[in-house]
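Engineer:
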Amino acid sequence: MTEEMKEPQLGPLGCLGRGHTPLVLKLLFFIFFSGLLLAILIQVFKVPSDQGQSKQEEIYQEMIQLKAGVDRLCRPCPWDWTSFLGNCYFFSKSTRNWTDSVIACKETGAQLVVIKSHEEQNFLQLISKNKGHTWMGMSDLNTEATWHWVDGSPLLPAFMKYWNPQEPNNLGEEDCAEFDGNGWNDDNCDVNNFWICKKPAASCPNQ
Ligand code: BGC
Ligand code: CA
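Numbering-wise, the sequence shown is residues 105 to 311 according to our numbering.
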């Protein structure tokens, strides 16, 4: 084997022969530039992420404002309905027979009024007295003289005092209950009366 064909021999510190950069230096340069590149990359990705965070914060604050606005717009009852003790009431301006009044209320997601408390009874009686004969959601259409509300519940004895004197008298054929003056009357279901619908009030945040 000739001298020229021999493997190049490394000197001390990995030095190649003359004219070659020492390996250690190359390594140092590599580490230095890698570090520099890493630092630049960190900066490049750090700045937009900072901006992104403040943008996110801005959007979050806007959403809070927007929610406060929507909360202020929230009403427990629809337009033209009256709120009373957690329920919404619709007092009709026109008149219908009892069955059509039941349907009218159903169409608005409500029920022809079912009376559940004495406060509610007094409130509705007063409004109806000023208005005229008004249907409520009670009839004895299924069984004569057995009164039921449209939600299926029976007329409780505690509420029987609201019948007007001598009512219900089933005069002719009277199977539907109405507000009449200071109390209730059974009337012919085909008569056209005002009606009252009832549905639960929506719960509005912070109201
Ligand atoms: C009504 C009856 C009621 C009576 C009371 C009539 O006009 O149709 O339902 O019982 O008045 O006097
Ligand atoms: Ca009657």
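Just so it is clear, CB atoms sit at the ideal spot from N, CA and C, and this is done for glycine as well.
Since the structure is predicted, the reported quantities are computational estimates derived from the model, not experimental observations.
Taking K220 as the reference, which of M240, W299, V206 and K235 has the closest Cα?
Structural biologist: Per the Cα distances, M240.
Engineer: Since Q311 and D255 are thought to touch, with beta carbons under 8 Å apart, how far apart are those beta carbons, to the nearest angstrom?
Structural biologist: 27 Å between Cβ atoms; not a contact.
Engineer: Quick check: does the Cβ of L259 come within less than 7 Å of any heavy atom belonging to ligand 2?
Structural biologist: Every heavy atom of ligand 2 is 7 Å or more from the Cβ of L259, so no.
Engineer: Quick check: what's the CA-CA separation for P261 versus E211?
Structural biologist: Their Cα atoms are separated by approximately 31 Å.
Engineer: Mind reading off the beta-carbon distance from D175 to C308? Whole number of angstroms is fine, and I expect it under 8 Å.
Structural biologist: Right, the Cβ-Cβ distance comes to about 7 Å (below 8 Å), so this counts as a contact.
Engineer: Hey, quick one: how far does the beta strand (DSSP E) through H222 stretch, first residue to last?
Structural biologist: Per DSSP, H222 belongs to no beta strand (DSSP E); it is in the alpha helix (DSSP H), H222 to K235.
Engineer: List, from N- to C-terminal side, the beta strand (DSSP E) runs of 3 residues or more that fit wholly inside the segment 251-291.
Structural biologist: Complete beta strand (DSSP E) runs here, min 3: 280-284 and 287-291.
Engineer: Starting from C301, trace the beta strand (DSSP E) in both directions and tell me its first and last residue.
Structural biologist: Start and end: F298 to P304.
Engineer: Would you mind sorting Q229 into buried or exposed? The rule is 16 or more other CB atoms within 10 Å of its CB.
Structural biologist: Label assigned to Q229: buried.
Engineer: Of the residues Q165, Y193 and N289, which one's Cα is nearest the Cα of D184?
Structural biologist: With distances taken between Cα atoms, D184 lies closest to Y193.
Engineer: Is any heavy atom in ligand 1 found nearer than 7 Å to the beta carbon of E248?
Structural biologist: Every heavy atom of ligand 1 is 7 Å or more from the Cβ of E248, so no.
Engineer: Within its chain, find whatever has a CB closer than 7 Å to the CB of S232; leave out the 5 residues flanking it on each side and keep chain order.
Structural biologist: Result list for S232: T238 and F283, in chain order.
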